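Visitor: Here UniProt numbering is used: position 17 in the sequence shown is 17, and no number is missing along the way.
No residue lacks a Cβ here, since even glycine has one placed at the ideal position from N, Cα and C.
Fair warning: this is a prediction, and the values are worked out from it, not measured in the lab.
Sharing a structure here in structure tokens format.
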Amino acid sequence: MSLYKKLYLLLLPALLLVFVGVGYAVYQHQLAHHKQMVLDNMVSRVNSALSASEYEQLSLAAHANDIATSPQFLRYIQNSNGPSLLSTLEHSVLKSLNQSENDRFGVRHVFILDPAFDLKLSTYRTSPFEDLLIPDKIYNMAFDTYTNLLNSGKFVDSGQIYASLTGELRYLYTIAVDPSLILRDRRAQRNNDRYLLIVDGPLDQLSNIVSEYRNSENISLTIEPLKVNGGEHSNSMEIDTLAEEGKSLSVLMKSSHFQVEVNIAEEAFDDAKAKIIMTTSIYFSLVFIGILIVVHAVVHKQLISPLKRLVNDVSTGGLQLRYFKRSDGKSEVDLIKNAYIDSLTELKFEAEFDQVTKLANRRSFFNYLDLRLNSYSNQNCFIVCWDIKEFRKINDLYGTDVGDRVLVKFASHLRQMISEHQAASGFGCNDYSIARFGGNQFIAIVEIDAPNQLVAQIKEFNKSLSSNLSVDYFNFRARMATAVFPLESVGNDELWHKGITEAMREAKSDNSDVSLCVYNQELVDKLERRDMITKMLVKCCDKGDFKLRFMPIFCGTNLHVDGFETLIFCPTLRDLGVGPDEFIPIAEQNNLITKIDYWVIENALNYYKKLVDKTNYTGSISINVSALELYNRKFVWSVKSVIERLDIPPENIIIEITETSYVKSSRLTIEILGQLRDMGFKVSLDDFGTGYTAFNQLLHYPVDELKIDKSFIDKIIEPGNDKEMVNSMIALGHSCGSLVVGEGVESAEQCEYLINHNCDLLQGYFLSMPLEGDEFLEFIQSYDPEVTLEKLPNQATVYSLRQGQPSQGKKA
1 MSLYKKLYLL
11 LLPALLLVFV
21 GVGYAVYQHQ
31 LAHHKQMVLD
41 NMVSRVNSAL
51 SASEYEQLSL
61 AAHANDIATS
71 PQFLRYIQNS
81 NGPSLLSTLE
91 HSVLKSLNQS
101 ENDRFGVRHV
111 FILDPAFDLK
121 LSTYRTSPFE
131 DLLIPDKIYN
141 MAFDTYTNLL
151 NSGKFVDSGQ
161 IYASLTGELR
171 YLYTIAVDPS
181 LILRDRRAQR
191 NNDRYLLIVD
201 GPLDQLSNIV
211 SEYRNSENIS
221 LTIEPLKVNG
231 GEHSNSMEID
241 TLAEEGKSLS
251 VLMKSSHFQV
261 EVNIAEEAFD
271 DAKAKIIMTT
281 SIYFSLVFIG
291 ILIVVHAVVH
301 KQLISPLKRL
311 VNDVSTGGLQ
321 LRYFKRSDGK
331 SEVDLIKNAY
341 IDSLTELKFE
351 AEFDQVTKLA
361 NRRSFFNYLD
371 LRLNSYSNQN
381 CFIVCWDIKE
391 FRKINDLYGT
401 DVGDRVLVKF
411 ASHLRQMISE
421 HQAASGFGCN
431 DYSIARFGGN
441 QFIAIVEIDA
451 PNQLVAQIKE
461 FNKSLSSNLS
471 VDYFNFRARM
481 ATAVFPLESV
491 GNDELWHKGI
501 TEAMREAKSD
511 NSDVSLCVYN
521 QELVDKLERR
531 DMITKMLVKC
541 CDKGDFKLRF
551 MPIFCGTNLH
561 VDGFETLIFC
571 PTLRDLGVGP
581 DEFIPIAEQN
591 NLITKIDYWV
601 IENALNYYKK
611 LVDKTNYTGS
621 ISINVSALEL
631 YNRKFVWSVK
641 SVIERLDIPP
651 ENIIIEITET
661 SYVKSSRLTI
671 EILGQLRDMG
681 FKVSLDDFGT
691 GYTAFNQLLH
701 YPVDELKIDK
711 SFIDKIIEPG
721 NDKEMVNSMI
731 ALGHSCGSLV
741 VGEGVESAEQ
751 CEYLINHNCD
761 LLQGYFLSMP
771 LEGDEFLEFI
781 QSYDPEVTLE
791 KLPNQATVYS
801 LRQGQPSQGK
811 KA
């Protein structure tokens with residue numbers, strides 16, 4: 001089916017559905033608008049009536065106050081026996097009722113009751129000769145007020161609302177007046193000789209609304225008086241609810257005295273619905289027909305044909321820019337085509353180039369290198385990699401924005417320098433032969449006329465690159481490590497990458513400002529050896545092909561066995577001359593260290609459990625783990641699960657972290673160390689003093705034990721500053737509340753020196769070699785510290801040890 005037919009097949013039902021939906025929405029909107037207008041009109045009328053009722057009530061209250069403060073009323077209640085005074089009062093009251101401003105509020109009535117609740121004045125009669133009358137409802141409400149006052153109840157002066165026998169709403173206002181007190185004196189409500197002045201009047205507008213809708217079939221209006229407590233009320237109007245309930249609209253309005261509920265049935269809008277449906281149908285039918293005519297006339301010429309051409313171009317060209325030609329047209333399809341070309345261009349740039357330096361990225365460089373290796377001669381062609389040393393300091397000191405601009409300046413200088421060299425030597429250079437290899441690493445393919453010129457040319461490059469880099473007001477001098485790898489040495493796809501990485505590692509190990517390492521056979525041997533060790537480590541980890549030995553640790557005060565350290569070795573690798581010092585870093589680099597650590601923990605604690613069960617051993621066990629475990633959130637849980645399964649208390653278990661591979665102090669590492677110590681484990685810092693961060697780590701990490709590295713112990717009996725360094729380390733450890741262990745003790749002189757300087761614990765070949773499990777068990781059962789004491793050269797020290805004298809660093 002053609003695109004034209006598909007478009008109409010989908011467009012016509014879609015347009016019809018849209019028009020029906022929009023028409024229905026418009027119908028609902030118009031109907032809701034009409035309902036809202038009707039409801040708003042009703043609300044306006046009711047609110048107007050409620051407001052009028054408030055004014056009518058205020059007028060009645062004011063009228064009552066005028067009568068209560070009139071001289072005629074005051075003279076009468078002060079001398080109620082004078083008939084002329086009552087007649088004068090009645091004449092005054094009737095006159096006030098007949099005033100024009102009171103006439104507009106409807107027919108009002110005034111009643112006066114004496115302290116004995118006798119009716120003294122009533123305007124509820126047609127002639128002066130009739131007896132005094134008071135309607136039953138007014139009488140009952142007045143009697144309730146009178147009774148309440150007799151019972152010392154609270155006087156309600158907010159008025160009372162009631163419906164007359166004819167259905168008219170009226171308002172009754174009562175004032176208690178004492179002849180001896182001023183008006184509104186609250187004591188009048190408690191004295192027995194007060195008069196009750198009652199003024200009654202209609203609430204015309206509310207009554208009219210009730211009367212108007214009383215017989216309506218579709219609109220019902222219900223008015224209920226509200227009870228007011230304490231005589232306090234608000235004159236504000238409010239609409240509490242406005243909702244559509246079932247098939248009717250309901251609105252609830254409140255004033256300070258009334259609650260009015262209006263219900264409008266759905267049948268009240270039948271005529272409006274029919275009119276709205278007719279109008280909406282005609283309007284949308286005309287619009288729908290008009291749109292169909294426009295679509296039929298325009299869509300094929302203006303849309304279908306250009307889209308067909310665009311689809312054909314996209315199908316033919318795909319993601320290859322060379323198949324596309326920009327369009328000069330201004331139509332939407334032309335804009336889409338040009339936008340597609342721009343998107344492909346931008347996508348290609350983002351995929352192949354670094355966004356900061358605008359050099360090729362690592363992936364593009366790899367692709368170009370594969371092409372170069374397969375298509376060109378690689379003789380005298382080299383991969384050169386530059387690493388800006390300590391670049392992180394620039395980011396830390398000046399901010400990442402300055403750091404990025406330094407990289408951009410360096411990249412620009414490198415691209416210009418390589419391009420000029422290649423052009424001057426007659427070699428080619430394109431956008432992919434120079435790349436940003438990593439964060440602060442750059443890589444390029446460089447061709448040299450003769451191999452013997454390589455080092456000189458690279459040094460010339462480095463001299464130019466290490467010159468001052470000016471960014472804003474800052475001048476930087478780049479300290480670089482440079483690695484060079486010959487392309488003709490590439491034997492497989494990964495060799496050059498490993499070779500350049502190893503060469504860069506060698507170059508960065510040199511502390512000079514500009515260091516250079518050219519890939520040679522020695523590096524090849526290192527790579528091959530590392531690959532061999534890695535492959536064998538993988539197999540050994542899968543099979544658990546490791547063994548443990550145990551190095552006794554001795555107390556520095558009496559040379560008794562205080563504990564032992566667990567050491568791992570691999571029999572398979574040992575036969576090849578590979579020890580833990582070599583295969584542990586390789587395991588860390590290849591993510592194998594966690595398997596090894598867990599194997600050591602499991603087997604060491606199993607041996608410790610057997611040792612305790614057989615000999616009641618009470619000493620400690622030290623287990624070496626990689627500092628990388630401080631980034632492993634599962635490490636604490638794994639150790640805990642082992643000790644819980646073996647039912648081993650953690651108090652005598654020491655977790656040793658090797659300082660030379662110590663990670664930076666962070667919230668996570670401190671948290672993990674804290675969790676270990678909270679569980680009862682002790683933490684030891686191994687090889688202390690060998691790393692440049694040793695003292696900083698001691699301040700930031702909670703440790704229980706420091707192990708002075710063997711390199712310091714070896715030199716304490718020789719002239720030099722190492723003695724003072726060891727003394728400072730011992731003092732520093734004690735000041736931090738940590739035990740100090742001297743490891744690598746290989747002579748009696750070293751042992752005696754550490755004892756005399758309060759080193760808490762000792763270990764080394766002089767005291768004992770590492771032992772296998774059965775050998776260690778036999779050693780602790782047969783060991784006699786007196787034999788070792790006899791080997792010490794200073795007899796005074798031997799005597800003091802036997803007496804248990806020096807113990808400043810004694811283990812707690």
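1) Let's see if you can read the secondary structure: which residues bound the alpha helix (DSSP H) around residue 751?
2) Determine the direct distance from the alpha carbon of residue 572 to that of residue 624, and round the result to whole angstroms.
3) Given this structure, state the Cα-to-Cα distance separating residue 310 from residue 339, to the nearest angstrom.
4) Roughly how many angstroms lie between the CA atoms of residue 202 and residue 280, to the nearest whole one?
5) Hey, how far is the Cα of residue 150 from the Cα of residue 117?
6) Quick one, which of 685, 679, 576 has its alpha-carbon nearest residue 529's?
7) Return the chain-ordered ranges of every beta strand (DSSP E) run that is complete within the stretch 528-600 and spans a minimum of 3 residues.
8) Under three-state DSSP, which class holds residue 235?
9) Secondary structure at residue 712, three-state DSSP: helix, strand or coil?
10) State the Cα-Cα distance for the pair residue 679 and residue 618, rounded to the nearest angstrom.
11) Assign residue 480 to one of two classes, buried (16 or more other C-beta atoms within 10 Å of its C-beta) or exposed (fewer than that).
12) Using alpha carbons as the reference points, say which of 518, 488, 405, 682 lies closest to residue 374.
13) Using a threshold of 9 Å, state whether the C-beta atoms of residue 447 and residue 416 are closer than that.
14) Under a Cβ-count criterion, where at least 16 other Cβ atoms within 10 Å of its own Cβ denotes burial, should residue 231 be classed as buried or exposed?
15) Starting from residue 278, follow the alpha helix (DSSP H) in both directions and report where the run begins and ends.
16) Kindly list the residues whose CB is nearer than 8 Å to the CB of residue 717, restricted to its own chain and excluding five residues on each side of it in sequence; keep chain order.
17) Just to confirm, are residue 616 and residue 785 a CB contact at a threshold of 9 Å?
18) Tell me whether residue 335 is buried or exposed, calling it buried when 16 or more other Cβ atoms sit within 10 Å of its Cβ.
19) Within the stretch 147-199, note down every full beta strand (DSSP E) run reaching 3 residues or more, in order along the chain.
20) Tell me the DSSP secondary structure of residue 770 in three-state form.
21) Quick one: any contact between the stretch 751-771 and the stretch 537-556, if contact means 3 or more CB pairs under 8 Å?
22) Tell me the residue span of the beta strand (DSSP E) that contains residue 481.
23) Whose CA, out of 605, 248, 197, 198, lies closest to the CA of residue 221?
24) Give a yes or no on contact between the stretch 168-175 and the stretch 50-66, applying the rule of three or more CB pairs nearer than 8 Å.
25) Quick one: is residue 709 buried, meaning 16 or more other Cβ sit within 10 Å of its Cβ, or exposed?
26) Tell me which same chain residues have a C-beta within less than 7 Å of the C-beta of residue 587, skipping the five on either side of it?
27) Quick one: grab the DSSP three-state call for residue 669.
28) Do you know whose CA, among 164, 612, 386, lies nearest residue 507's CA?
29) Opposite residue 436 in the DSSP bridges: which residues?
30) Within 10 Å of its beta-carbon, does residue 765 have 16 or more other beta-carbons around it, so buried, or fewer, so exposed?
31) Name the DSSP beta bridge partners of residue 386, please?
32) Report the start-end ranges of each alpha helix (DSSP H) in the stretch 47-108 that is 4 residues or longer and not cut off at the edges.
33) Between the alpha carbons of residue 6 and residue 22, how many angstroms are there, rounded?
34) May I ask you to report which of helix, strand or coil DSSP gives residue 728?
35) Where does residue 287 land, buried or exposed, given buried means 16+ other C-beta within 10 angstroms?
36) As a quick exercise: from 59, 439, 30, pick the residue whose alpha carbon is nearest that of residue 107.
Guide: Taking the definition as stated:
1) Taking the first residue of the sequence shown as position 1, residue 751 is located at position 751. That run of the alpha helix (DSSP H) goes 748-756.
2) Taking the first residue of the sequence shown as 1, we reach residue 624 at position 624. Taking the first residue of the sequence shown as 1, we reach residue 572 at position 572. Those two C-alpha atoms are separated by around 21 Å.
3) Here residue 310 is taken as the residue at index 310 of the sequence shown, counted from 1. Here residue 339 is taken as the residue at index 339 of the sequence shown, counted from 1. Cα to Cα, the separation comes out at about 12 Å.
4) Against the sequence shown, residue 202 aligns to sequence position 202. Against the sequence shown, residue 280 aligns to sequence position 280. Each residue's alpha carbon lies about 48 Å from the other.
5) Here residue 150 is taken as the residue at index 150 of the sequence shown, counted from 1. Here residue 117 is taken as the residue at index 117 of the sequence shown, counted from 1. Cα to Cα, residue 150 sits roughly 11 Å from residue 117.
6) Here residue 529 refers to the residue found at position 529 of the sequence shown. Per the Cα distances, 576.
7) 547-555, 561-569
8) Looking up residue 235 in the sequence shown gives position 235. Model confidence at residue 235 stands at a pLDDT of 42, short of 50, so the residue's coordinates are unreliable; what they give is reported in the following sentence. Coil at residue 235, not helix or strand.
9) Counting from 1 along the sequence shown, the entry for residue 712 is found at position 712. Three-state DSSP puts residue 712 in a helix.
10) Looking up residue 679 in the sequence shown gives position 679. Looking up residue 618 in the sequence shown gives position 618. Rounded to whole angstroms, residue 679 to residue 618 spans 19 Å at the Cα level.
11) By 1-based counting over the sequence shown, the position of residue 480 is 480. Buried: at least 16 other Cβ atoms inside 10 Å.
12) Here residue 374 refers to the residue found at position 374 when the sequence shown is read from its first residue. Comparing Cα-Cα distances from residue 374 to each of 518, 488, 405, 682, the minimum goes to 488.
13) Residue 447 sits at position 447 when you count from the first residue of the sequence shown. Residue 416 sits at position 416 when you count from the first residue of the sequence shown. Taking 9 Å as the Cβ cut-off, residue 447 and residue 416 do not qualify as a contacting pair.
14) Translated into the one-based positions of the sequence shown, residue 231 becomes position 231. In this prediction, residue 231 scores a pLDDT of 45, lower than 50, which makes its location untrustworthy; the coordinate-derived value is nonetheless stated afterwards. Residue 231 is exposed by the Cβ-count criterion.
15) The residue you call residue 278 lines up with position 278 of the sequence shown. Run containing residue 278: 270-299, per the alpha helix (DSSP H) assignment.
16) If you number the sequence shown from 1, residue 717 lands on position 717. Answer for residue 717: 747, 749, 750, 753, listed in chain order.
17) Here residue 616 refers to the residue found at position 616 when the sequence shown is read from its first residue. Here residue 785 refers to the residue found at position 785 when the sequence shown is read from its first residue. Result no, Cβ atoms of residue 616 and residue 785 do not sit closer than 9 Å.
18) Working through the sequence shown from its first residue, we reach residue 335 at position 335. Exposed is the call here.
19) 160-163, 169-177
20) Position 770 of the sequence shown holds residue 770. Here residue 770 sits in coil by DSSP.
21) yes
22) What you label residue 481 is simply residue 481 of the sequence shown in a count that begins at 1. It spans 480-486 - the beta strand (DSSP E) in which residue 481 sits, taken as one unbroken run.
23) Along the sequence shown, one-based indexing puts residue 221 at 221. Out of 605, 248, 197, 198, 248 has the C-alpha closest to the C-alpha of residue 221.
24) yes
25) Position 709 of the sequence shown holds residue 709. Its Cβ being crowded by 16 or more others within 10 Å, residue 709 is buried.
26) By one-based count along the sequence shown, residue 587 stands at place 587. For residue 587, where only same-chain residues beyond five positions count, the Cβ hits under 7 Å are 537, 593, 596.
27) Indexing the sequence shown from 1 puts residue 669 at position 669. Helix at residue 669.
28) One-based indexing of the sequence shown puts residue 507 at position 507. Checked all of 164, 612, 386; the closest Cα to residue 507 is 386.
29) Translated into positions along the sequence shown, residue 436 becomes position 436. Beta-bridge pairing links residue 436 to 442.
30) Along the sequence shown, one-based indexing puts residue 765 at 765. Residue 765 should be labelled exposed.
31) Numbered from its first residue, the sequence shown carries residue 386 at position 386. Its beta-bridge partners are 442, 482.
32) 71-78, 83-97, 100-103
33) Start at 1 with the first residue of the sequence shown, and residue 6 comes out as number 6. Start at 1 with the first residue of the sequence shown, and residue 22 comes out as number 22. Using only the alpha carbons, I get a separation of about 24 Å.
34) As a first step, residue 728 is located in the sequence shown; it is residue number 728 there, counting from the start. Residue state, collapsed to three classes: helix.
35) For the purposes of this step, residue 287 is identified with residue 287 of the sequence shown, where counting begins at 1. By the neighbour-count rule (16 or more Cβ atoms within 10 Å), residue 287 is not buried but exposed.
36) To locate residue 107, count along the sequence shown from 1; it is residue 107. Closest by alpha carbon: 59.
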